[in-house]
Amino acid sequence: EAQVTQNPRYLITVTGKKLTVTCSQNMNHEYMSWYRQDPGLGLRQIYYSMNVEVTDKGDVPEGYKVSRKEKRNFPLILESPSPNQTSLYFCASSFTGLDTDTQYFGPGTRLTVL
Amino acid sequence: AQSVAQPEDQVNVAEGNPLTVKCTYSVSGNPYLFWYVQYPNRGLQFLLKYITGDNLVKGSYGFEAEFNKSQTSFHLKKPSALVSDSALYFCAVRDNEDFNKFYFGSGTKLNVKP
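Going down the list, the protein sequences come from chains A and B. In case it helps, this note's numbering puts the first sequence at residues 863 to 976. In case it helps, this note's numbering puts the second sequence at residues 118 to 231.
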């Protein structure tokens, strides 16, 4: 089954404790992206990746890191989480052509930083 | 800068009645617009997109959207609402200057009552 998976689905942590949220897709998509969803703000793009070893900042990259060492995986790293990073996070992937750029979203990771 | 706005936080409609979820956009150049739907505890799912061509775009689950350049709008419509259409709907625009960036609206919660 074609899908985007994220782990963990739920995470409660404390300020300053490094964490990684994993994202994996099995559709051979070149493009992958991370978003955060906050009430009243919709989804905001954190980082994206055009392909292996190619990443760039989205609209709200502060406090986050990413890496793309393999085509299927795109982990989101919070080196020192803070309470304002409490949010619902989504990973998405797609092909890069204008006719094939429909994004497929993972199920989300709900992060709480105390 | 590119952006979309969804002026209604919530739309209520009776089952069987037509529904409209509003979206307006602000882009430089030609817009490249999307609608996504989010069911409870799920990731976003693609409904439809507008690139160029016909102003009426047909998508999944009987939804369609009308592109209006003079009003800079891209409203989502369905002739006859179903209770199962109740969900959170997001309008999004692709950045014309950086095709890797996407901007989402704040979302509109659609409630369809039996």
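The C-beta atom is built at its ideal place from N, Cα and C for all residues, glycine as well.
Here residue 904(A) is buried: its Cβ has 16 or more other Cβ atoms, across all protein chains shown, within 10 Å.
Interface criterion met: the Cβ of residue 952(A) is under 8 Å from a Cβ in chain B. Within the region 186-208 of chain B, the residues whose Cβ lies closer than 8 Å to some Cβ of chain A are 207, listed in chain order.
Three or more beta-carbon pairs drawn from the region 147-167 of chain B and the region 199-215 of chain B are found closer than 8 Å, and the two stretches are therefore classed as touching. Three or more Cβ pairs closer than 8 Å define a contact, and the region 213-223 of chain B falls short of that threshold against the region 191-199 of chain B. Boundaries cannot be given for residue 146(B), as no beta strand (DSSP E) includes it and DSSP labels it neither H nor E. Residue 145(B) counts as exposed, since fewer than 16 other beta carbons sit within 10 angstroms of its beta carbon. Chain A has no Cβ within less than 8 Å of the Cβ of residue 136(B).
For residue 131(B), the number of other beta carbons within 10 angstroms of its own is below 16, and it is reported as exposed. If you draw a straight line from the Cα of residue 872(A) to the Cα of residue 200(B), it is about 29 Å long. Residue 946(A) has its alpha-carbon roughly 34 Å from the corresponding atom of residue 137(B). Near chain B, meaning a CB-to-CB distance below 9 Å, the residues of the region 878-906 of chain A are 893, 895, 897, 899, 901, 902, 903, 904, 905 and 906. For residue 875(A), the enclosing beta strand (DSSP E) begins and ends at 872-875.
In the three-state DSSP reduction, residue 922(A) falls in the coil class, being neither helix nor strand. A Cβ of chain B is located within less than 8 Å of the beta carbon of residue 910(A). Scanning 884(A), 902(A) and 948(A) for the CA closest to the CA of residue 866(A) turns up 884(A). Excluding residues up to 5 positions away in sequence, 139, 140, 208, 222, 223, 224 and 225 lie with their Cβ nearer than 7 Å to the Cβ of residue 123(B) in the same chain.
Residue 958(A) counts as exposed, since fewer than 16 other beta carbons sit within 10 angstroms of its beta carbon.
About 5 Å separates the CB atoms of residue 906(A) and residue 921(A); that is less than 8 Å, so the two are in contact. When secondary structure is reduced to three states using DSSP, residue 179(B) falls in the helix class. Taking C-alpha positions only, residue 190(B) is separated from residue 888(A) by approximately 35 Å. The continuous beta strand (DSSP E) containing residue 882(A) extends over residues 881-887. Between residue 177(B) and residue 161(B), the CB-CB gap reaches or exceeds 8 Å. Between residue 899(A) and residue 971(A), the CB-CB gap reaches or exceeds 8 Å.
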